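Reading the sequence shown from the start, the letters are residues 435 to 646 in our numbering. Even glycine gets a Cβ: it sits at the ideal position worked out from N, Cα and C. Predicted, not measured: the structure shown is a model, and the values here were computed from it. Report on the following structure.
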Amino acid sequence: MKGSLERFIGELRAIEERAKPLVDERISQFKRLGVYGTEEELFSELSFCVLTANWSASGGIRAQEKIGTLGFIEYSQEELSRILSDLGHRFPYKRAEFIVENRSLLGRLKEFIHLPSVEARKELVRSAKGIGWKESSHFLRNVGNLEVAILDRHILRVLKDLELINEIPNGWTEKKYLSIEGIFKEISEKFGKLPGETDLYIWYLIKGKVEK
435 MKGSLERFIG ELRAIEERAK PLVDERISQF KRLGVYGTEE ELFSELSFCV
485 LTANWSASGG IRAQEKIGTL GFIEYSQEEL SRILSDLGHR FPYKRAEFIV
535 ENRSLLGRLK EFIHLPSVEA RKELVRSAKG IGWKESSHFL RNVGNLEVAI
585 LDRHILRVLK DLELINEIPN GWTEKKYLSI EGIFKEISEK FGKLPGETDL
635 YIWYLIKGKV EK
């Protein structure tokens, strides 16, 4: 296992110089959103994280561009579901429903993102529809919190291949998420980066691009 992890860290270091400008630019975008973003812009990002669950980051980006910041707030549930269906979302009706219900959180999102990481995620999981531990971590990272890990299936497969976890979880409890996040943080420390940065380098290693 140790050798496998060392080889993996070596693979990350091999692409680090090439990926760094893309990673740094993406992180700058995240931090700008967290510091200067309006409630409407934060809600757009929360909605993006709702959409990427059981879909893809690239699909979520397309939807975010098509709907626009105000569209997430103003469009009817029917209009949102039509757009998502046209874009090929697997669950357009349910995701549109979640987005509309989450509008009740407008005015509270800045409050959430300034909470400590674990507490912020607990509040988001409790308050937001379509947001679990992975999605809440995704949202926090995308507004500049680099201390959290986004444990999507790509990352989990890496951890399993490295024999750092025995199986890929089918669902999350707080205890399970934070336990595996701790394993990911150890990898990040070996790589010399924060978890939210390491995730982007791994994505570059896998996909050759840096999404969000």
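Cβ neighbour criterion (16 or more within 10 Å) applied to residue i
i       : result
Asn-536 : buried
Leu-504 : exposed
Met-435 : The pLDDT assigned to Met-435 is 45, lower than 50, so where the model puts this residue is not dependable, and the model offers no usable value.
Ala-632 : Before going further, note that residue 632 is Thr rather than Ala in the sequence given. Classification of Thr-632: buried, given that the 10 Å Cβ count is 16 or more.
Arg-452 : exposed
Arg-466 : exposed
Ile-501 : buried
Glu-445 : exposed
Lys-568 : buried
Thr-472 : exposed
Residue span of the alpha helix (DSSP H) that contains residue i, given as start and end
i       : result
His-572 : 567-576
Leu-612 : 608-625
Lys-544 : 543-547
Ser-538 : From DSSP, Ser-538 is part of no alpha helix (DSSP H); its letter is neither H nor E.
Trp-637 : 629-641
Ala-497 : 491-501
Ile-517 : 511-520
Val-582 : Here Val-582 belongs to no alpha helix (DSSP H), and DSSP marks it neither H nor E.
Phe-477 : 473-486
Ile-507 : 505-508
Glu-557 : 551-561
Reference residue i, options the options, closest by Cα
i       : options                               : result
Pro-629 : Asn-579, Thr-486 and Gly-444          : Asn-579
Tyr-470 : Ile-621, Arg-447, Ile-547 and Trp-606 : Ile-547
Cys-483 : Leu-543, Glu-557, Arg-441 and Ser-571 : Ser-571
Ser-490 : Phe-525, Lys-563 and Ala-448          : Phe-525
Asn-488 : Glu-450, Gly-605, Glu-473 and Tyr-611 : Gly-605
Glu-474 : Arg-542, Tyr-638, Leu-590 and Glu-631 : Arg-542
Lys-529 : Leu-634, Lys-454, Lys-619 and Ser-481 : Per the sequence presented here, residue 529 reads as Arg, with Lys not at that position. Ranking Leu-634, Lys-454, Lys-619 and Ser-481 by Cα distance to Arg-529 puts Ser-481 first.
Glu-581 : Ile-461, Glu-445, Gly-444 and Ala-453 : Ile-461
Pro-603 : Asp-586, Gly-616 and Phe-618          : Asp-586
Ser-622 : Ile-589, Asp-595, Lys-641 and Asn-600 : Ile-589
Ile-565 : Glu-608, Phe-618 and Asn-600          : Glu-608
Lys-643 : Glu-459, Ser-438, Ile-443 and Phe-442 : Glu-459
Val-592 : Leu-639, Ile-507 and Asn-576          : Leu-639
Ala-448 : Ile-599, Ile-636 and Ser-551          : Ile-636
Exercise. Do the stretch 520-529 and the stretch 492-503 touch if we need at least three Cβ pairs shorter than 8 Å?
Worked result: The stretch 520-529 is in contact with the stretch 492-503.
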